[in-house]
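Novice:
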Amino acid sequence: MVDYYTSACFTIAVTPAEAALLEEASRVCDVLCHDLTSPEQEQAFYAECSEPFRARFPITDPDAPFAGFRAMFDDPTYPRCPADWTTLAAEEAGRVSVSISGDDVDPYSLAGLLRHLCPSALPLCFGWANTPSRACHDAYSGGYYEVRAEGIFRVLDDCEDIDAGHLVIAMFDPEEGLLFWNKDDGFGSLEQASVFTEKEADRYDLPIADAQPEWIALPPRKAFVQVVP
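Heads up: the sequence shown begins at 64 in my numbering, then just goes up one per residue.
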């Protein structure tokens, strides 16, 4: 039998109020998963939550006051805390360090909670690893999320094709700004640019122009794919 783990370990700097919200979110997860059996109990528990917590997850359905909070999780009916966190010593005036770790981490839910509860720490980036308890073929993977105020973006994909085209030819024009080379139509917008692999770029002569063209590497094809609105 093989056990599978999703592991992460990192530290972020937040305000004391945000650290308190993380601790409260952990407690809310535990109560929602184990202690509430009726809408009335859920309403009463929501009323006991702090004002900052309720401000971040306001009621949209009177019969389900935690609907906004539950939406952070893959399984809203069982909002398991996505990681363990511990508030460490103060880092500087008005800031504390929070250690986040675990071997059963839910990266998606964790990113969503950090985005909503710790805005002063944004943008931040964290990675995770998927590993088995013993060696198994094709059982290792992982990734990174960049968490920003406007959304959550995946910045590493296991299956990125290193031979895929990711180079373009660019030139700066004093009047039109940055222009990009199209093999058929010449310089124009990035949207119409011809994209080359590294091997193709090695064999391709830079075009002659008023300014000196240069090769520019585009981000990986699957980088910065938004996964949370």
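Built from N, CA and C at the ideal position, the CB exists for glycine as well.
Any idea if P102 is buried or exposed, counting beta-carbon neighbours within 10 angstroms, 16 or more meaning buried?
Specialist: Numbered from its first residue, the sequence shown carries residue 102 at position 39. P102 is exposed by the Cβ-count criterion.
Novice: Quick one: what's got a C-beta closer than 8 Å to A82's C-beta in the same chain, skipping five residues either side?
Specialist: On the sequence shown, position 19 is the one that residue 82 refers to. Cβ neighbours of A82 beyond the five flanking positions: T150, V159, V161.
Novice: For the putative contact between S172 and F136, defined by C-beta atoms under 8 Å, what is the C-beta separation to the nearest angstrom?
Specialist: Along the sequence shown, one-based indexing puts residue 172 at 109. Along the sequence shown, one-based indexing puts residue 136 at 73. With 8 Å as the limit, S172 and F136 qualify as a contact, their Cβ atoms being about 5 Å apart.
Novice: Note down, one range per segment and in chain order, each beta strand (DSSP E) of at least 3 residues found wholly within the segment 187-219.
Specialist: 187-195, 204-211, 214-219
Novice: For L242, list the residues DSSP reports as bridge partners.
Specialist: As a position in the sequence shown, residue 242 is number 179, starting the count at 1. Per DSSP, M234.
Novice: How about V218 and A71: do their beta carbons lie closer than 7 Å?
Specialist: Looking up residue 218 in the sequence shown gives position 155. Looking up residue 71 in the sequence shown gives position 8. No; because the gap between Cβ atoms is not below 7 Å, this pair is not in contact.
Novice: Does DSSP put A118 in a helix, a strand or coil?
Specialist: Within the sequence shown, the letter at position 55 stands for residue 118. Note: A118 maps to helix in three-state DSSP.
Novice: Since I279 sits in a beta bridge, which residues does DSSP pair it with?
Specialist: For this step, residue 279 is matched to residue 216 along the sequence shown. Looking at the DSSP assignment, I279 forms a beta bridge with V231.
Novice: Evaluate M234 with the Cβ neighbour count: other Cβ atoms within 10 Å of its Cβ, from every protein chain shown; 16 or more gives buried, anything less gives exposed.
Specialist: Against the sequence shown, residue 234 aligns to sequence position 171. Buried is the call here.
Novice: Is it true that the CB of L95 sits closer than 7 Å to the CB of P142?
Specialist: For this step, residue 142 is matched to residue 79 along the sequence shown. For this step, residue 95 is matched to residue 32 along the sequence shown. Closer than 7 Å, so yes.
Novice: Under 7 Å between the Cβ atoms of D138 and S164?
Specialist: As a working mapping, residue 138 is identified with position 75 in the sequence shown. As a working mapping, residue 164 is identified with position 101 in the sequence shown. Not closer than 7 Å, so no.
Novice: Does the separation of the CB atoms of A264 and L242 fall below 7 Å?
Specialist: Stepping through the sequence shown from its first residue, residue 264 is reached at position 201. Stepping through the sequence shown from its first residue, residue 242 is reached at position 179. Not closer than 7 Å, so no.
Novice: Would you mind reading off the limits of the alpha helix (DSSP H) that contains L177?
Specialist: Translated into positions along the sequence shown, residue 177 becomes position 114. Start and end: 170-180.
Novice: Just to check my reading of the structure: N193 and Y208 have Cβ atoms closer than 8 Å, yes? What is that Cβ distance to the nearest angstrom?
Specialist: Position 130 of the sequence shown, counting from 1, holds the residue named residue 193. Position 145 of the sequence shown, counting from 1, holds the residue named residue 208. Not quite, the Cβ-Cβ distance comes to about 14 Å (not below 8 Å), so this is no contact.
Novice: Taking Cβ to Cβ, would you say P170 is nearer than 7 Å to I232?
Specialist: Counting from one through the sequence shown, the residue named residue 170 turns up at place 107. Counting from one through the sequence shown, the residue named residue 232 turns up at place 169. In this structure, I232 does not lie closer than 7 Å to P170 by Cβ.
Novice: Considering only the alpha carbon of each residue, which of A272, R197, L185 lies closest to E213?
Specialist: Here the question's residue 213 lines up with position 150 in the sequence shown. Ranking the options by Cα distance to E213, first place goes to L185.
Novice: Consult DSSP for L269 and reduce its assignment to one of helix, strand or coil.
Specialist: Here residue 269 refers to the residue found at position 206 of the sequence shown. L269 falls in the coil class under three-state DSSP.
Novice: Along the chain, which unbroken stretches of the alpha helix (DSSP H) at least 4 residues long are found entirely within the segment 83-149?
Specialist: 102-111, 114-119, 130-133
Novice: What is the DSSP secondary structure of L253, counted as helix, strand or coil?
Specialist: Taking the first residue of the sequence shown as 1, we reach residue 253 at position 190. L253 falls in the helix class under three-state DSSP.
Novice: Under 7 Å, do P195 and V77 count as touching if we go by C-beta distance?
Specialist: Here residue 195 corresponds to residue number 132 of the sequence shown, with the count starting at 1. Here residue 77 corresponds to residue number 14 of the sequence shown, with the count starting at 1. No; because the gap between Cβ atoms is not below 7 Å, this pair is not in contact.
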